[in-house]
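Going line by line, the protein sequences match chains A and B. Take any residue in the first sequence, count from 1 to its spot, add 519: that is its number in my numbering. Take any residue in the second sequence, count from 1 to its spot, add 3: that is its number in my numbering. Cβ coordinates follow ideal geometry from the N, Cα and C atoms, glycine included. Quick caveat: nothing in here was measured; it's all calculated off a predicted structure. Scroll down for the structure; my scribbles are underneath it.
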Amino acid sequence: MARTDVGRLLPALLPLALLTLALVGYCLVDLVRRPRAPYLPKWAWVPLILVVTPWGAVVYLVLSRTQRATTPAPAPGRPAPAAPSSAPTSPAPAPAPAPVAARSGAVVVRTDGLTRDYGGGAGLFDIDLRVPHGCVYGLVGPNGAGKTTLLSILTGLRRADRGTVHIGASRNRIAVCPDVPGFEPWLTAFEVVDLARHYVAPDLAADAVLRTLYTVGLDEQADRRVGGFSRGMTQRLGLAAALIGDPRVLLLDEPTSALDPAGRAEILDLVAAMRGRRTVVFSSHILADVQRVADQVGVLRAGRLSYQGATGALIDEYLDPRWVLRLNSPVADVVRALRAQPWTRRAEALDGQRIRVDADTVAHGEQGIPEVLAACHARLISCEPLAADLEAAFLALTATEVRHAGSPA
Amino acid sequence: MPAAPRERMNPWRLEWLRMTRSPRGFVLALVYLFFGFTAPLLARYLTQLAKLGSSGVQIVAPPPKAVDGIVNFVSQSSQTGLLVLVVVVAGGLSYDARRGLATFYRTWAPGPFALIWPRFVAGTAVAAVAYLAGTAAAWLETRLVLGPLPAGRMLVGAGYELVFLAFAVAVVAATATVGRSTLATIGTAVVVLLVVLPLAGAVHVVVRWLPTNLVRSPAGLLTGATVTGYLPAVAVSLAATAGLLVLATVRARNREPAS
């Protein structure tokens, strides 16, 4: 190579060499600073970066950036969100009658003859949904019953083959949270909710975003990238993104499916607290959750709405309600008094402290048992419903349908 | 609650973060820079390198000219750069591929154009920055090892190439409304940009109208082609870009996200 060529080549190679050196240097510094290297031990990356230049450095950079977006970053010194005092280990009684707003009867979400036929019997058929204003409406049904399809049509993500949908709220006051929320993994929790704010409520201040994150128990994680979130945290974040615009109608698809018992209790309490302020439609296959918070329930089965109405009425309609009373006083007088009631089907002492009572309806039992106990001056320790839950009602309802379908015409 | 001030989010900041917090923008710039720095060197020393690799074979080649540096850069970077660009922008434009993500974007945004437009602009901007950085590197290297180049024609050629890159991003935007996954979007866009359009270029009558004609314009303008000779391709590219964005918007509005 001639001397002049070398003289030209050196300055020509300089930028390339500087670029490569900067790349290798950056990678080595990054390797030293990070606690763990991607896919390989840290020592194995050093020869790769140095020898296979520049491709080793490029591969390291791409892999480490991808990993940074998906690995949970611990937040030192920050406590986990406080667990609630009780977990929903057993279904609570059906909620009390809805507040005034829910009882007013104004229907906020209404569908008429809604049909989406996927073929082969799958889809939704002639759904006439009526969701009163301010209520928490639980949509239950087995897998493939059409819950997600119905919610997708309500949100406008899917189209119906026929039928109409009417939602009594403007577009930006309807919020949705899917069963598996998805976000850009390189955004922080704050940025996700703030992006939702930009679209649905651009005038809100940054504090509103933090308050919403606080509401769902993610305020301590506000600056963490969501790629490292667990599924439960992602579900909470989805709820926060849905709540930021203070929606009038909130559509939640399986909002507790990925949460642990404590997380479920928190979210269910949150949903229950919305009653009267906004209308919530939420689907779930966890019937205890629906019973815990929903004052109205719709039962979907094979794409058809089998039942729609008050949760308590469903339980009342399909069950022989039973209770076990535990007393701190003699039980014989109470058993006699219970047997004398016209609504009592059966009353018997299980032992010296416990009585089993079968009533003709839930309402009669709920009203009558306290009256009898008061009249007998009995000292009550506990009164537990037996099998008076939505799951039993759901099974009874679907069993009835199967019997009807199987009976000869 | 943490009191540190945070930058407020909007669709443009979202795209900025997409390019800076993931390796997308970096990789694209790296590809063009790599070819920008190496292609002129290769043009200058190709004969010597060939001699090193052959034993006893005499290689006779004309001495390299300054224009060969840019010709080499264009030929080496055009396909690889385009491929990486498709992959980079497809990730953002195929937001419908993930139902969880699509549910939020579709219910937040006032319409599909509000989602497509920032992604298109950001993709085009990143492509432009990466391409211009690569071209600047190629120009610098060429000047150092081969000699000076006409700056005016270089700039016009780069401008034409940018029009093609915008068209390529619009193709990805449209194909994202056809495929159900990011991979399908990439595959369809690659077939259109690297197979269908180059094959159509074999038809002599239409070649000067095809957007792909602009890919070689930076080299062509240095080797005798006229500036006006590429104007039909520029016009078609701009019209097609607008048409593809309209098509993407209409298709995104009419289709349902992946289940």
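Assigned secondary structure, residue i (DSSP; H/G/I helix, E/B strand, else coil)
| i | result |
| --- | --- |
| SER97 of chain B | coil |
| CYS902 of chain A | strand |
| CYS895 of chain A | coil |
| PHE801 of chain A | strand |
| VAL881 of chain A | helix |
| TRP842 of chain A | strand |
| PHE123 of chain B | helix |
| LEU869 of chain A | coil |
| THR775 of chain A | coil |
| PHE913 of chain A | helix |
| VAL719 of chain A | helix |
| LEU535 of chain A | helix |
Residue-level contact to chain B via CB, residue i, 9 Å cutoff
| i | result |
| --- | --- |
| VAL627 of chain A | no |
| TYR558 of chain A | no |
| ARG678 of chain A | yes |
| ASP742 of chain A | yes |
| ALA588 of chain A | Because the pLDDT of ALA588 of chain A is 48, which lies under 50, any placement of that residue in the model is unreliable, and the number read from its coordinates should be weighed accordingly. So yes, ALA588 of chain A belongs to the interface. |
| ALA580 of chain A | First, the amino acid is wrong: residue 580 of chain A is Leu here, not Ala. With 9 Å as the cut-off, LEU580 of chain A counts as an interface residue toward chain B. |
| GLY757 of chain A | yes |
| PRO861 of chain A | no |
| PRO661 of chain A | no |
| PRO573 of chain A | yes |
9 Å Cβ cutoff, residue i in contact with chain A
| i | result |
| --- | --- |
| SER97 of chain B | no |
| PRO43 of chain B | yes |
| VAL89 of chain B | no |
| PRO3 of chain B | The question about residue 3 of chain B has no answer, for chain B in this structure spans 4 to 262. |
| PRO113 of chain B | yes |
| LEU17 of chain B | yes |
Neighbouring residues, chain A, relative to residue i (Cβ below 7 Å)
| i | result |
| --- | --- |
| MET12 of chain B | GLU710, ASP713, LEU714 and HIS717 |
| THR83 of chain B | Per Cβ cutoff of 7 Å: no residues; THR83 of chain B is ~13 Å from chain A at best. |
| ARG9 of chain B | PHE709 and ALA725 |
| GLU144 of chain B | ALA531 |
| VAL30 of chain B | VAL581 |
Contact list for residue i against chain A, beta-carbon separation under 8 Å
| i | result |
| --- | --- |
| PRO153 of chain B | Neighbours of PRO153 of chain B on chain A: none; closest Cβ ~20 Å, over 8 Å. |
| ARG101 of chain B | GLY701 |
| LEU36 of chain B | LEU538 |
Candidates the options, of which the one nearest residue i by Cα
| i | options | result |
| --- | --- | --- |
| VAL175 of chain B | B:TRP142, B:GLY150 and B:GLY126 | B:GLY126 |
| PRO235 of chain B | B:VAL194, B:TYR163 and B:ARG101 | B:TYR163 |
| PRO113 of chain B | A:ARG690, A:VAL650, A:GLY682 and A:TYR656 | A:ARG690 |
| ALA105 of chain B | A:PRO700, A:ALA563 and A:GLY639 | A:PRO700 |
| LEU217 of chain B | B:PHE107, B:PHE116 and B:LEU85 | B:LEU85 |
| TRP842 of chain A | A:ARG865, A:ALA829 and A:SER848 | A:ARG865 |
| VAL571 of chain A | A:PRO651, A:VAL543 and A:ALA708 | A:VAL543 |
| LEU168 of chain B | B:VAL70, B:ALA53, B:ALA192 and B:ARG183 | B:ALA192 |
| TYR718 of chain A | A:ILE693, A:LEU732 and A:ALA741 | A:ILE693 |
| ASP870 of chain A | A:LEU916, A:ARG858, A:ALA851 and A:GLY887 | A:ALA851 |
| LEU789 of chain A | A:THR734, A:ALA625, A:GLY663 and A:THR539 | A:THR734 |
| PHE76 of chain B | B:GLY39, B:LEU20 and B:VAL63 | B:GLY39 |
Neighbourhood of residue i by C-beta distance below 7 Å, restricted to the same chain and skipping five residues each side
| i | result |
| --- | --- |
| ARG635 of chain A | GLY642, LEU643, THR668, ILE672, ARG677, ALA679 and ASP680 |
| VAL209 of chain B | ALA203 |
| LEU905 of chain A | ARG841, TRP842 and VAL843 |
| THR244 of chain B | ALA169, PHE170 and ALA173 |
| ASP742 of chain A | THR707 and PHE709 |
| ALA894 of chain A | ALA856 |
8 Å Cβ cut-off: residues of chain B touching residue i
| i | result |
| --- | --- |
| TRP705 of chain A | LEU20, ARG21, ARG24 and SER25 |
| VAL695 of chain A | THR106, PHE107 and THR110 |
| PRO534 of chain A | PHE40, ALA140, LEU143 and GLU144 |
Same chain, Cβ closer than 6 Å to residue i, five either side skipped, listed in chain order
| i | result |
| --- | --- |
| HIS883 of chain A | TRP862 |
| PRO697 of chain A | ASP772 |
| GLY632 of chain A | ASP645 and GLY682 |
| ALA897 of chain A | LEU846, SER848 and VAL853 |
| ARG767 of chain A | ALA688, ARG692 and ARG797 |
| LEU824 of chain A | ILE646 and GLY817 |
| PRO260 of chain B | ASP99, ARG102 and ALA105 |
| PRO14 of chain B | PRO121 |
Any non-hydrogen atom of the ligand SAH closer than 8 Å to residue i Cβ
| i | result |
| --- | --- |
| VAL800 of chain A | Judged by which ligands are present, the structure shown has none, so any question about the ligand SAH falls away. |
Nonlocal neighbours in the same chain, by C-beta distance under 8 Å from residue i, ignoring five residues either side
| i | result |
| --- | --- |
| ARG156 of chain B | LEU224, LEU225 and VAL230 |
| LEU567 of chain A | LEU559, GLY575, VAL578 and TYR579 |
| SER81 of chain B | VAL218 and ARG219 |
| VAL181 of chain B | ALA187, THR188, THR191 and ARG254 |
Amino acids of chain C, ordered along the chain, whose beta-carbon sits closer than 9 Å to that of residue i
| i | result |
| --- | --- |
| GLU259 of chain B | Reference to chain C is not applicable here, since the protein chains of this structure are A and B. |
Within chain B, partners of residue i - CB distance below 7 Å
| i | result |
| --- | --- |
| ALA760 of chain A | PHE107 |
| VAL577 of chain A | LEU33 |
Interface residues of chain B facing residue i [CB-CB closer than 9 Å]
| i | result |
| --- | --- |
| LEU643 of chain A | Result: empty, since nearest Cβ-Cβ is about 14 Å, beyond 9 Å. |
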